[in-house]
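First to last, the sequence lines map onto chains W and B. Under numbering that gives the first Met the number 0, think of the first position of the first sequence as 0, with each following residue one higher. Under numbering that gives the first Met the number 0, think of the first position of the second sequence as 0, with each following residue one higher. The beta-carbon is built from N, C-alpha and C at its ideal position, and this holds for glycine as well. Bear in mind that the values here come from a model prediction, so they are computed numbers and not experimental data. Step one of this worksheet: look at the structure below.
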Amino acid sequence: MATLKSILPKAFSKKRLTIWGKEYKNEIAIALLIVVIFFVSQFLSPVFLTPNNLLNLLRQTAYTAIAAIGMYFVILIGGIDLSIGATVQIVGMVSIIMMVRGVPVGVMIPVVLAVGLTVGLVNGLIVTYGRLQPFVVTLVTKQIMQGIVLVTTGGASISGDVPDAFMKIGAGYIGFVPVPVVVMAILVAAAFFVMKKTTFGRRLYITGSNQTAAHYSGTNVRRIKVMAYILCALFATVSGLLSVARIGAFQPTTTHGGATGMELNAIAAVVVGGASLAGGKGSVIGTLLGALLYGILSNLFPLIGVTSYIQQLIQGFIILMAVLISSKGKLFGKKRKEVGKDG
Amino acid sequence: MKKIEISKQLPVAMLVVLIIIGAQLSDSFFRVSNFANIIQYAVESAFIGIGMTFVLIVGGIDLSIGSVLAFASVVSAKMALENVSLPLILLAVIAIGLTCGVVNGLLITKFRIEPFMATLAMMMIMRAATFLFTGGGPLTGTVYDGFKQIIKGKLFGVQNGIWYVAAAFLVAALILNRTRFGRHVYAVGGGEETAKLFGVNAEGVKIAVYMISALLAALSGLLIAARIGIGEPRSGQSYEMTAITICVIGGISMAGGKGGIVGTFVGTMVVCMINNLMNLMNINTDAQPIVTGVMILVTSLIVSREVTSKRRLLVKEI
């Protein structure tokens, strides 16, 4: 054993590991839960653990995970973005309309990204310079964008000739991995790098945990917040493009009322991953694991014959459990010490 | 010189402008029957708006009202279809409302979950419960006449709906302005710690507020069931949005501690009148959310501008 200890680099020393374990408590918990589900699933369904299903699961997860990473930035700074579902819709509509009219993919993608950027910019500017609650602002922009989609399409789906190059993005494979999964991996890696190694990442954290301190230490709080909303909208745009490229047609869904739909899944993934809506908490890996857990459950439930209503019920309970675990309040008995802050 | 507070006059000004526009645009607008009609259909909006007012004043939010409404609606429809008597139905609806409210309140106070997440989870759970209860589709059949009379009936020649609206606003105004509980609601919203130091049972107030909100949502569910005569599990979707719109237009601050029932009343009237006007003017129903959305943004921007310019005198803000 002594030799093993000497071989192990310093990064794996006991002290480092304890610190590491404390820092990633939430992530480890979800990862364990996922492992348990994988273990149990083979007794529940013979289909679940087949390579085909797992790849499919990863592809399904990719759309949510990408949107969730964007949402993570916004939740980290203490905001919320309820408009990403509507952003996905607008993006889908614009891209399909452009392609049906013969605009090449190389032109369409920058234009669509610009649309997403504008949505994020508007959200961010109204929240910061208009000093309104992000909840209200994004709920309203969601409503407005949904209205625009419905008025433009008249509620009908749009389809037509979509270039093969575009369809390859959604349905293609690199090696044996679906393209959306590759995109997800790249974006997660990029987000991880930004959060760990750049000043911008640090500023996002500090803005979320204490914006007064951030302000006094020289952070342009407003600009950081606007950036977070832009990033969120851009990630949603990418997710929207990928899902449109899968189907090759656009379908306006009118059933999503209130805070349901895509944004709900994304928020759930971020919160299950250990973030707090108060801001300043959470990690990219946690968000990814949260999205993965969500994806696994929504893949597994139909396989073992759980109806969609019960699925929704269980997902509601999972969100509750996740916030309960990550909230600091003791469940019973003594109250949490209050540090001069409104509960 | 005393500056006029735009935020306080704005809702009333909007109402006046709307009435003038309405009178210009359509002959049928400026009639007692049309106003009675507007109020008659404003009952549900008024109820959930009042509930949301209480919740917003303590600085919370309740996203679950639409689902609570739907659940109460299908349960009461089911009971009516099986000829259960009215008092029993009412009792069941009240029980549903209070239970949901208590659960929300406990999750938020005892378990310290953010109101947004707690009521969001509750929204999903109750909506799922509603669909499970009906088995997916609506519950249809013939309900007995007395059940429909809850909303369709008249008292002293005036539609029941108008009585409900009047009663709800009156009671809510009395509670908020004339009782100790009402003052505690404002105190908790204005500053929870301070309120606690003054001996206010902040957690109790919060739980009570969520109970009021859920109770009013459940009662609107009963009214909707009585109106449409079936149990529709999809009813009440995005009602939390309507309630928030009403409150925001009525000048109730989402940060808590500010606003009043008069604002809610004006907000309800503005929202319902806009909808009525847009229907009279034949504006595409798909485009209507755009109009209301822009209106909310503009109103709340004006209000927040004023609030911050006032606050800026005291502290330099980031």
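Integer Cβ distance of residue i from residue j, believed to fall under 8 angstroms
i                 : j                 : result
Phe146 of chain B : Val73 of chain B  : In fact, because the Cβ distance is near 14 angstroms, the residues do not count as touching under 8 angstroms.
Ala267 of chain W : Ile185 of chain W : Actually they are not in contact, since the Cβ atoms of Ala267 of chain W and Ile185 of chain W sit about 23 angstroms apart, beyond 8 angstroms.
Gly249 of chain B : Gly255 of chain B : Gly249 of chain B to Gly255 of chain B, Cβ: 15 angstroms. No contact.
Cys231 of chain W : Ile83 of chain W  : 7 angstroms
Asn103 of chain B : Ala201 of chain B : With a Cβ gap of about 16 angstroms, Asn103 of chain B and Ala201 of chain B do not count as contacting.
Ile95 of chain W  : Ile157 of chain W : 5 angstroms
Pro10 of chain B  : Gly266 of chain B : 6 angstroms
Ile229 of chain W : Leu116 of chain W : 6 angstroms
Leu215 of chain B : Ile149 of chain B : Wrong, their Cβ atoms sit about 15 angstroms apart, outside the cutoff.
Gly294 of chain W : Gln59 of chain W  : 5 angstroms
Thr197 of chain W : Ile205 of chain W : Rounded, the Cβ-Cβ distance is 13 angstroms, inconsistent with contact.
Gly315 of chain W : Val87 of chain W  : About 22 angstroms separates the two Cβ atoms, so there is no contact after all.
Phe47 of chain W  : Leu287 of chain W : Actually they are not in contact, since the Cβ atoms of Phe47 of chain W and Leu287 of chain W sit about 20 angstroms apart, beyond 8 angstroms.
Gln310 of chain W : Ser297 of chain W : 7 angstroms
Leu325 of chain B : Gly235 of chain B : Nothing in the structure corresponds to residue 325 of chain B, since chain B is present only between 0 and 317.
8 angstroms Cβ cutoff met for residue i and residue j
i                 : j                 : result
Gln132 of chain W : Met253 of chain B : yes
Ile19 of chain B  : Asn275 of chain B : no
Ile89 of chain W  : Val114 of chain W : yes
Ile64 of chain B  : Ile260 of chain B : no
Gly59 of chain B  : Val208 of chain B : yes
Ala290 of chain W : Gly281 of chain W : no
Leu75 of chain W  : Leu233 of chain W : no
Pro177 of chain W : Leu54 of chain W  : yes
Val269 of chain B : Met78 of chain B  : no
Val211 of chain B : Phe70 of chain B  : Inspection of the sequence shows that residue 211 of chain B is occupied by Ile rather than by Val. No.
Val136 of chain W : Val150 of chain W : no
Glu43 of chain B  : Ser219 of chain B : yes
Leu279 of chain B : Ser25 of chain B  : yes
Ser303 of chain B : Gly278 of chain W : no
Gly101 of chain W : Met166 of chain W : no
Ala217 of chain B : Ile93 of chain B  : yes
DSSP bridge partner residues for residue i (one or two, in chain order)
i                 : result
Gln210 of chain W : DSSP output for Gln210 of chain W lists no bridge partner at all.
Ser383 of chain W : The requested residue 383 of chain W is not part of the displayed model; chain W covers only 0 to 342.
Val157 of chain B : B:Leu154
Gly230 of chain B : B:Leu138
Ile174 of chain B : For Ile174 of chain B, which the question treats as bridged, DSSP gives no partner whatsoever.
Val243 of chain W : Per DSSP, none; premise fails for Val243 of chain W.
Pro177 of chain W : W:Tyr172
DSSP-derived helix/strand/coil call for residue i
i                 : result
Lys280 of chain W : coil
Gly257 of chain W : At Gly257 of chain W the pLDDT is 39, less than 50, meaning the model places this residue with poor confidence; the figure from the coordinates comes in the next sentence. Here Gly257 of chain W sits in coil by DSSP.
Pro137 of chain B : coil
Leu14 of chain B  : helix
Val102 of chain W : coil
Tyr143 of chain B : coil
Leu16 of chain W  : helix
Pro109 of chain W : helix
Pro50 of chain W  : helix
Ile27 of chain W  : helix
Lys196 of chain W : helix
Val57 of chain B  : coil
Asp163 of chain W : helix
Phe234 of chain W : helix
Thr236 of chain B : With the sequence shown as reference, residue 236 of chain B is identified as Gln, and Thr is not the correct amino acid for it. In the structure shown, Gln236 of chain B sits in coil (DSSP, three-state: anything other than H, G, I, E or B).
Ser44 of chain W  : coil
Ile313 of chain W : helix
Glu81 of chain B  : coil
Val31 of chain B  : helix
Ala167 of chain B : helix
Leu149 of chain W : helix
Glu113 of chain B : coil
Leu218 of chain B : helix
Thr267 of chain B : helix
Gln132 of chain W : coil
Exercise. When Cβ atoms are compared, which residues of the segment 136 to 155 of chain W fall closer than 8 angstroms to chain B?
Worked result: Val136, Leu138, Val139, Thr140, Gln142, Ile143, Gln145, Gly146, Ile147, Leu149, Val150, Gly153, Gly154
For this session: Determine which residues of the segment 268 to 300 of chain W have a Cβ less than 8 angstroms from any Cβ of chain B, and write them out in chain order.
Result: Val270, Ser275, Leu276, Ala277
For this session: Select from the segment 112 to 131 of chain W all residues with a C-beta closer than 8 angstroms to any C-beta belonging to chain B, and list them in chain order.
Result: Ile125, Gly129, Arg130, Leu131
Exercise. Got a sec: which bits of the segment 45 to 74 of chain W sit with their beta carbon under 8 angstroms from any beta carbon on chain B, in order along the chain?
Worked result: none
Problem set entry | Members of the segment 49 to 82 of chain B near chain W, C-beta cut-off 8 angstroms | Gly58, Ile60, Leu62, Gly65
For this session: Anything in the segment 299 to 318 of chain W with a Cβ closer than 9 angstroms to a Cβ of chain B? List those residues in chain order, please.
Result: Thr306, Ser307, Tyr308, Ile309, Gln310, Gln311, Leu312, Ile313, Gln314, Gly315, Phe316, Ile317, Ile318
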